[in-house]
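Report on the structure given below.
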Amino acid sequence: MSLITAHTVILAAAVVGLTFIVNYLVQEASRLKELPGPPSHSRIAGHALDLQLAPVGTRYPVWAKKYGHTYRIHGAFIERHLVLGDPKGISHVLSTNAVNYIRPNTDRIVLGLWFPVRSSCSCHYYLILGLGDEHTKQRKILNPAFTDQSIKDVSHIFRQLADRLTQQWETILGEQNSSTFDIAVGLHALTLDAISMSMFMHDTSTGTGSNAIPDLLHNITNAPRGNMLILFVGSIVSMFPCLLSLPSPMKKWATTLRGELGRIAEGVWSGAKNDVGLDAKLLKLLSEFALCLPAQHDERGEQLNKDEVIANIIGVLFAGSESSANVISHLTGHPASFDDLMNPAALPYFDAVIREALRCKAVLMDIARVAVEDDVISLQFPVVGTGATTVRVKAGQSVMIPVRDGINSDEEIWGKDAREFRPERWLSDGLPTAVAAQGMTIPLFNVFPPTLFQMVVATVIRRFSLEDTGTTLDFYHLGGNTVKPKIQGQEGEGVQLPLRVRRL
């Protein structure tokens, strides 16, 4: 009797599971049928794996030319993704009705390793997790650490780092007058040090002790591209979050990084760490929110605990070091844009240069969201084939918003010169009508004001001439959702950004 009961239970469970799977497949197959989209060459991976492996610029722009600003693609296991490159639609998802569009379950699970969130909080709290109103609120909390006066207080650190970079290049050149080498590593180290030395009193390059922080960030942001196994595991973890409790390299990295930063923070708070010449602008600011004083609560009237302070620091490290390094690498290749970088009158134009670098060379591949409830998204550009000016989405519908290959470089939005580096577009009345009308929905992740970039670039171009090597670079989707350069034909050698550096 017990055997029959066991068989019955197993059979019933199998039927329930099969019914769930069939219902899921039927629902997914019926989504977005009214939208055009590219055919999928894999029943299992859909377009997901192809997007991970293909060079940047070879998928989204090609699909947009054929299928328009709003279309569908296939995800893993027949999931349907709504690709939204329409400015009005993006504004709706990320701003107007942002409360209805949350991060996909997989993203929230993985980010939870790095950024512990209060169980009572319905939205993500940290800089790197938020867009739209969330991003604005968090920047309001962090902005005092990045004001002109705060940056002026630590400007000596930026000068020191700029001099350190030029000395490194002098060492590489040796007795040669010029040489071609990879500048990516040095620039990333500079921006990481700029944040750590001025924001939480720690020199990641020359400080004593473990080099865990730069090593960990390198592992994370240069993680290998996807494969079928990673795609499959990600889908399974999304359905069964408890699996994330199992040991994994990412979990180990997250735990180690939080521990390293925690020790640094404790040293600053206790007064044991007081390195001459360094500062802890961000850590001191966040520590005020961690104290049990009513005036130092956050906007929701809640205090920040130690874990949340550390999470904010991690957010700034991720959001700041990658984008800042990318900006400086792009600026060093355009020295002719600046006549007198240290002239205060040049700052508005220099700020426009930084915005243009963040637009043209965004480190963010795309933004993913999932609809909480059924919704109707209004569009600026009609759907190809039907002419529809709205698209209906059901609860659970995934939405993908291309950034680097989409909203940031769309010719119908920015004009025919969309892929050209032209800072003037950010000056008086220079923005296209589509952008000015909808606003810059995609936040340009930049934690530092123009002063940092001004100092570094000015120091570099006074001592060196930087020239293009003629090397063909392809950009790939790495490190979760960042874009990195590799030399065409030498992809196996990893991330590289070669320039010819010549002494002046």
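If you're matching positions, the sequence shown starts at 1 in full-length UniProt numbering and goes up one per residue.
Where a beta carbon is used, it is the ideal one built from N, C-alpha and C, also for glycine.
Source: prediction; values computed, not measured.
When DSSP reads this structure, residue 467 sits in a beta bridge with 500. For residue 161, same chain residues with a beta-carbon under 8 angstroms away, outside a window of 5 residues either side, are 190, 193, 194, 197, 456 in chain order. When the alpha-carbon of residue 427 is set against those of 477, 103, 353, the nearest one is in 353. Residue pairing for residue 101: DSSP places it in a beta bridge opposite 371. Distance from the Cα of residue 79 is smallest, within the candidate group 44, 34, 493, for 44.
The beta carbons of residue 257 and residue 200 sit no closer together than 9 angstroms.
Counting only the Cα atoms, residue 32 lies some 13 angstroms from residue 377. In this chain, the alpha helix (DSSP H) harbouring residue 199 covers 184-199.
Under the 8 angstroms Cβ criterion, the stretch 418-427 does not count as touching the stretch 86-102, having fewer than three qualifying pairs.
Note: residue 81 is bridge-paired with 73, 398 in the DSSP secondary-structure output. Sequence-distant partners of residue 181 (beyond 5 residues in either direction) whose C-beta falls short of 6 angstroms from its own C-beta, in its chain, are 172. For the pair residue 399 and residue 71, the CB atoms are not nearer than the 9 angstroms cut-off. Out of 46, 176, 453, the CA that lies nearest to the CA of residue 327 is found in 453. By the neighbour-count criterion, in which a residue is buried when 16 or more other Cβ atoms sit within 10 angstroms of its Cβ, residue 11 is exposed. If the five residues before and after residue 68 are omitted, its C-beta is found closer than 6 angstroms to the C-beta atoms of 384, all from its own chain and listed in chain order. A direct Cα-Cα distance of roughly 5 angstroms separates residue 75 from residue 48. Taking 9 angstroms as the cut-off, the Cβ atoms of residue 38 and residue 65 do not count as close.
Counting along the chain, residue 93 sits inside no beta strand (DSSP E), nor does DSSP assign it H or E at all. Here DSSP, grouped into helix, strand and coil, assigns residue 482 to strand.
Under the three-state reduction of DSSP output, residue 43 falls in the coil class, being neither helix nor strand. Contact between residue 404 and residue 56 holds: their C-beta atoms lie close to 6 angstroms from each other, under 8 angstroms. The distance from the Cβ of residue 396 to that of residue 368 is about 13 angstroms, inconsistent with a contact at the 8 angstroms cut-off. In the displayed model, residue 376 falls within a strand according to three-state DSSP.
By the neighbour-count criterion, in which 16 or more other beta carbons inside 10 Å mark a residue as buried, residue 14 falls on the exposed side. Under the DSSP definition of a beta bridge, residue 393 partners with 375.
DSSP places residue 366 in the strand class (E or B) of the three-state scheme. Shown here, residue 181 sits in a strand according to DSSP, grouped into three states.
Our two residues, residue 379 and residue 411, have alpha carbons roughly 17 angstroms apart in a direct line.
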